[in-house]
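Going down the list, the protein sequences come from chains A and B.
Just so you know, this note's numbering puts 33 at position 26 of the first sequence, and the rest follows in order with no gaps.
Just so you know, this note's numbering puts 131 at position 124 of the second sequence, and the rest follows in order with no gaps.
Number of protein chains: 2
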Amino acid sequence: MTRAKDRSATVSEVGEAEVLEVLRGPAEQHTDDPVGNGDDAAVLGPSAATVVTTDMVVEGTHFRLDLTTWGDIGRRAVAQNVSDVLAMGADCSRVLVAVAVPGETSMEQIARLSEGIHGEAARSGAVVVGGDFTRADLVVVGVTAIGTLPDGARPLRIDGAAPGDRVALTGEPGRSEAGLALILSGRPDGVLQQTYRVPVTPIGSGRAARLAGASALTDVSDGLLRDLAGVARASGVAADLVRRDLPVDPLLAEAAAVLGAPDPGARVLEWVLDGGEDHGLLGTFPPSATIPPGFTVIGRIRAGEPGEVTLDGRPRVPGGWDSARGASAMR
Amino acid sequence: MTRAKDRSATVSEVGEAEVLEVLRGPAEQHTDDPVGNGDDAAVLGPSAATVVTTDMVVEGTHFRLDLTTWGDIGRRAVAQNVSDVLAMGADCSRVLVAVAVPGETSMEQIARLSEGIHGEAARSGAVVVGGDFTRADLVVVGVTAIGTLPDGARPLRIDGAAPGDRVALTGEPGRSEAGLALILSGRPDGVLQQTYRVPVTPIGSGRAARLAGASALTDVSDGLLRDLAGVARASGVAADLVRRDLPVDPLLAEAAAVLGAPDPGARVLEWVLDGGEDHGLLGTFPPSATIPPGFTVIGRIRAGEPGEVTLDGRPRVPGGWDSARGASAMR
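What follows is the structure in structure tokens.
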């Protein structure tokens with residue numbers, strides 16, 4: 008088949024069946040679901056509760072083909088959807104992928120994309136159970152991620168935070184945004200840059216937060232402040248952050264210096280508070296809960312104006328990413 | 008809010024939260040799922056088996072903004088995914104929608120799109136439980152449709168056809184393709200044209216086929232011949248169609264005449280056999296099964312070259328739609 012043979016052929020030349028064959032990935036990844044990939048729809052076995060989310064990445068909006076690889080596009084599309092499943096307190100088990108590319112895309116590029124999709128799914132403990140392929144004038148990858156919750160398990164919504172809860176976070180926010188700034192300045196390689204290209208989702212952390220008794224959980228996709236304000240607003244509470252407790256990757260200060268920021272400290276803080284797409288998990292934990300490994304306490308929930316967030320006692324308005332408007336800052 | 012107030016505002020002006028609010032649709036449509044629309048992911052209640060599929064429609068590939076309406080884009084995107092769930096022998100219960108549009112799209116257009124999405128979901132007996140919104144240089148609507156199968160119910164795969172089975176179909180194939188030809192000739196209005204814009208999915212027919220004991224089922228998205236050949240190939244059998252048994256809408260002959268086809272009969276047959284996107288259900292039924300209402304018997308399965316399809320005894324090579332190459336004929 009084309010997979011081994013002629014990877015310089017374009018999708019227009021080989022036709023849908025062969026493209027879908029490559030996107031379907033290795034056979035050993037197939038599940039024991041009643042119906043896996045290749046039929047009109049997949050059929051999943053019995054479950055107590057099914058968690059499902061969908062999200063697409065679009066050329067020109069979320070990535071540029073000259074600044075990323077086909078493998079990374081696939082990884083990123085899967086990672087950010089898996090992250091939303093984790094943010095409900097579940098593990099991700101299945102992924103469906105809809106791919107649109109221009110007709111002149113080569114089968115080599117499709118193969119790389121497929122490897123990225125299946126590789127990231129596997130890293131997340133999930134398998135790809137369905138897909139769709141079509142042509143388009145630009146590259147679009149839409150992913151649906153599915154997880155399950157065990158019988159009686161309570162999903163972690165965004166509206167469960169209560170006064171007295173601690174606010175805690177996984178990972179080091181701002182890395183993705185700093186990475187993008189470095190890429191745009193002509194420095195394509197490095198740890199921060201790769202975080203921008205493929206966010207590292209904290210597999211297992213969602214379930215850990217649920218088992219620890221978290222009251223609310225979300226993933227940081229639009230920026231720490233904006234997503235925390237979202238949790239606070241939905242929960243009818245306010246949140247106070249403590250600046251010295253924020254986990255700050257030392258690479259951020261280095262990046263601010265390299266980029267010649269007039270006030271490097273301010274730039275780093277901006278990345279940490281408003282940088283989107285890190286996909287760390289942001290949770291709130293009642294006083295009785297033990298904070299699970301990997302989470303850092305960064306503040307506290309209190310009664311107050313719903314959605315208000317303060318830093319060291321001063322109200323702070325979220326910047327961050329807005330999908331309709333684009334970035335408030337530099338994107 | 009913007010919904011009532013200023014529909015001439017663009018998505019760039021109003022921001023993501025208001026766009027998502029409009030896409031979320033009427034509150035009364037919300038389900039009793041543990042978590043509905045508005046959180047990181049939706050959480051669905053217990054089920055014996057979950058059917059899930061995803062598919063996107065893309066501007067320039069599946070529709071042109073000057074030839075369709077925003078409501079019809081939404082309806083079509085939902086309809087063709089619901090159709091894939093029906094084709095497993097299930098009913099569709101939930102839909103997730105990812106929308107990408109240019110920043111200058113008006114909130115009026117978003118509202119029309121949302122009405123189409125929610126209207127078609129409601130017609131199908133489903134509710135919208137999740138969504139995603141982003142900007143893009145062209146319009147993309149990705150839909151994930153979900154259904155459930157009752158305990159012990161067997162999903163209808165494409166690989167279950169056996170020699171002796173009857174081949175049966177819902178609806179009148181070729182209407183969508185004829186409708187497109189009329190639209191492209193400058194005749195935008197009419198029954199066939201509307202079938203092209205929004206395929207009519209036969210709600211309930213999938214379940215009826217399952218209860219009747221169908222051995223295989225799919226929906227006709229790529230053309231009757233191509234999809235039947237797919238069933239035959241997956242099942243390791245051949246299929247014989249009988250021309251006089253094919254259900255042919257009289258409007259097709261009228262359309263062929265209006266378009267000045269040199270051989271109107273041949274053009275009609277081409278539409279019926281190779282026209283895609285009608286989304287009728289195509290099933291195979293063992294001799295013991297009673298053909299359910301709405302299905303017309305059009306041929307028979309026999310042992311033979313896997314995937315071969317004949318018409319009145321003569322092998323016929325599928326034309327129809329290939330998502331990678333585009334149409335074999337005129338698209």
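Cβ coordinates follow ideal geometry from the N, Cα and C atoms, glycine included.
Next item on the list: Identify the contact partners of arginine 164 of chain A in chain B, using a Cβ-Cβ distance below 8 Å as the criterion.
Entry: What arginine 164 of chain A touches in chain B: Val42 and Asp46.
Margin query: If you measure between the beta carbons of valine 85 of chain A and valine 136 of chain A, is that distance less than 9 Å?
Written below: Not closer than 9 Å, so no.
Item checked: Exposure of proline 257 of chain B, with buried meaning 16 or more beta-carbon neighbours within 10 Å -> So proline 257 of chain B counts as exposed.
Margin query: Here's a check: name, in chain order, each residue in its chain whose Cβ is nearer than 7 Å to the Cβ of leucine 199 of chain B, leaving out the five neighbours to either side.
Written below: Answer for leucine 199 of chain B: Arg182, Ala185, Gly186, Leu189, Leu258 and Ala262, listed in chain order.
Item checked: Selection from B/Ala268, B/Val59, B/Arg307 and B/Val50 that minimises the alpha carbon distance to serine 192 of chain B -> Ranked by Cα distance from serine 192 of chain B, the first of B/Ala268, B/Val59, B/Arg307 and B/Val50 is B/Ala268.
Margin query: Let me confirm a value: arginine 251 of chain B is counted as buried when at least 16 other C-beta atoms fall within 10 Å, else exposed. Which label applies?
Written below: Per the 10 Å Cβ criterion, exposed.
Margin query: Quick check: what's the CA-CA separation for arginine 194 of chain A versus alanine 107 of chain B?
Written below: Distance between the alpha carbons of arginine 194 of chain A and alanine 107 of chain B is about 29 Å.
Next item on the list: Can you give me, in chain order, the residues of the stretch 142-156 of chain B that have a beta carbon less than 9 Å from any beta carbon in chain A?
Entry: The residues in question are Arg142, Ala143, Asp144, Leu145, Val147, Gly149, Val150, Thr151, Ala152, Ile153, Gly154 and Leu156.
Notebook entry, point to check: With a cut-off of 8 Å, do at least 3 Cβ pairs link the stretch 63-75 of chain A to the stretch 118-130 of chain B?
Noted result: Under the 8 Å Cβ criterion, the stretch 63-75 of chain A does not count as touching the stretch 118-130 of chain B, having fewer than three qualifying pairs.
Next item on the list: Determine whether the Cβ of valine 324 of chain A lies closer than 9 Å to any Cβ atom of chain B.
Entry: So no, valine 324 of chain A is outside the interface.
Next item on the list: Output the boundary residues of the alpha helix (DSSP H) element that contains glycine 211 of chain B.
Entry: For glycine 211 of chain B, there is no enclosing alpha helix (DSSP H), as DSSP gives it neither H nor E.
Notebook entry, point to check: Can we say the stretch 76-94 of chain B touches the stretch 295-303 of chain B, given the rule of at least three CB pairs closer than 8 Å?
Noted result: The stretch 76-94 of chain B, when compared against the stretch 295-303 of chain B, does not touch it at the 8 Å Cβ threshold.
Next item on the list: Report back the beta-carbon spacing between proline 180 of chain A and leucine 231 of chain A to the nearest angstrom; my notes put them in contact at under 8 Å.
Entry: Contact flag correct, Cβ pair sits at about 5 Å.
Checklist line | Where glutamate 179 of chain B falls: helix, strand or coil (DSSP) | finding: In the structure shown, glutamate 179 of chain B sits in coil (DSSP, three-state: anything other than H, G, I, E or B).
Check: Under a three-way DSSP split, which group does glutamate 25 of chain A fall into?
Finding: Look at glutamate 25 of chain A here: in three-state DSSP terms it is helix.
Margin query: Using the three-state DSSP reduction, which class does glycine 81 of chain B fall into: helix, strand or coil?
Written below: In the three-state scheme derived from DSSP, where H, G and I count as helix and E and B as strand, glycine 81 of chain B is classed as helix.
Notebook entry, point to check: Where are the alpha helix (DSSP H) runs, 4 residues long or more, that stay fully inside the stretch 106-173 of chain A, in chain order?
Noted result: Within the stretch 106-173 of chain A, the alpha helix (DSSP H) runs of at least 4 residues that lie entirely inside it are, in chain order, 114-130.
Item checked: Amino acids of chain A, ordered along the chain, whose beta-carbon sits closer than 7 Å to that of leucine 276 of chain B -> The premise fails here: leucine 276 of chain B is roughly 24 Å from chain A at the closest Cβ pair, so nothing lies under 7 Å.
Item checked: 7 Å Cβ cut-off: residues of chain A touching glycine 159 of chain B -> Residues of chain A passing the Cβ test: none, with the nearest at roughly 11 Å.
Checklist line | the stretch 166-180 of chain A contacting the stretch 239-248 of chain A, beta-carbon criterion three pairs below 8 Å | finding: Three or more beta-carbon pairs separated by less than 8 Å link the stretch 166-180 of chain A to the stretch 239-248 of chain A, which places the two stretches in contact.
Next item on the list: Grab the span of the beta strand (DSSP E) containing valine 59 of chain A for me, first residue to last.
Entry: Start and end: 56-65.
Next item on the list: Find the nearest neighbour of tyrosine 203 of chain B within the set B/Ser212, B/Asp166, B/Val147 and B/Asp285, judged by alpha-carbon distance.
Entry: Distances from the CA of tyrosine 203 of chain B to each of B/Ser212, B/Asp166, B/Val147 and B/Asp285 were compared; the closest alpha carbon is that of B/Asp285.
Checklist line | glycine 213 of chain B vs methionine 95 of chain B beta-carbon contact at 9 Å | finding: A Cβ-Cβ contact shorter than 9 Å links glycine 213 of chain B with methionine 95 of chain B.
Check: Helix or strand or just coil, what does DSSP make of valine 227 of chain B?
Finding: DSSP places valine 227 of chain B in coil when its eight states are reduced to three.
Item checked: Integer-rounded CB distance, given that threonine 57 of chain B should sit under 8 Å from threonine 317 of chain A -> Between threonine 57 of chain B and threonine 317 of chain A the Cβ distance is about 43 Å, and since that is not below 8 Å, they are no contact.
Next item on the list: Identify each residue in the stretch 198-229 of chain B for which the Cβ-Cβ distance to at least one residue of chain A is less than 7 Å, and report them in chain order.
Entry: Legend: CB atoms of the stretch 198-229 of chain B lying less than 7 Å from CB atoms of chain A belong to residues Thr225 and Asp226.
Notebook entry, point to check: So, threonine 60 of chain B versus alanine 152 of chain B, is the Cβ gap smaller than 9 Å?
Noted result: In this structure, the beta-carbon distance from threonine 60 of chain B to alanine 152 of chain B falls below 9 Å.
Check: Based on the DSSP secondary-structure assignment, which residues constitute the bridge partners of isoleucine 305 of chain A?
Finding: Paired residues: none, contrary to the question.
Item checked: Limits of the alpha helix (DSSP H) - the one that arginine 281 of chain B falls within -> The sequence given here has aspartate at residue 281 of chain B, not arginine. Taken as a continuous stretch (DSSP letters only), the alpha helix (DSSP H) holding aspartate 281 of chain B covers 271-281.
Note to self: Distance cutoff 9 Å, beta carbons only. Does threonine 76 of chain B sit that close to anything in chain A?
What the structure shows: No - not a single Cβ of chain A is within 9 Å of the one on threonine 76 of chain B.
Check: For serine 54 of chain B, which residues in chain A fall below 8 Å Cβ to Cβ?
Finding: Near serine 54 of chain B (Cβ distances below 8 Å), the residues of chain A are Pro53, Ser54 and Thr57.
Next item on the list: Tell me where the beta strand (DSSP E) around valine 50 of chain A begins and ends.
Entry: Membership of valine 50 of chain A in the beta strand (DSSP E) is indicated by the continuous run 49-51.
Checklist line | Alpha carbon of leucine 289 of chain A to alpha carbon of glycine 32 of chain B, nearest angstrom | finding: Looking at the two C-alpha atoms, the distance is approximately 28 Å.
Note to self: Assuming the contact rule is C-beta atoms closer than 8 Å, serine 222 of chain A and threonine 297 of chain A should be a hit. Round their C-beta distance to whole Å, please.
What the structure shows: By a beta-carbon distance limit of 8 Å, serine 222 of chain A does not contact threonine 297 of chain A. Their separation comes to about 13 Å.
Note to self: In whole angstroms, give me the CA-to-CA distance for aspartate 158 of chain B and valine 134 of chain B.
What the structure shows: If I take the Cα positions, the gap works out to 22 Å.
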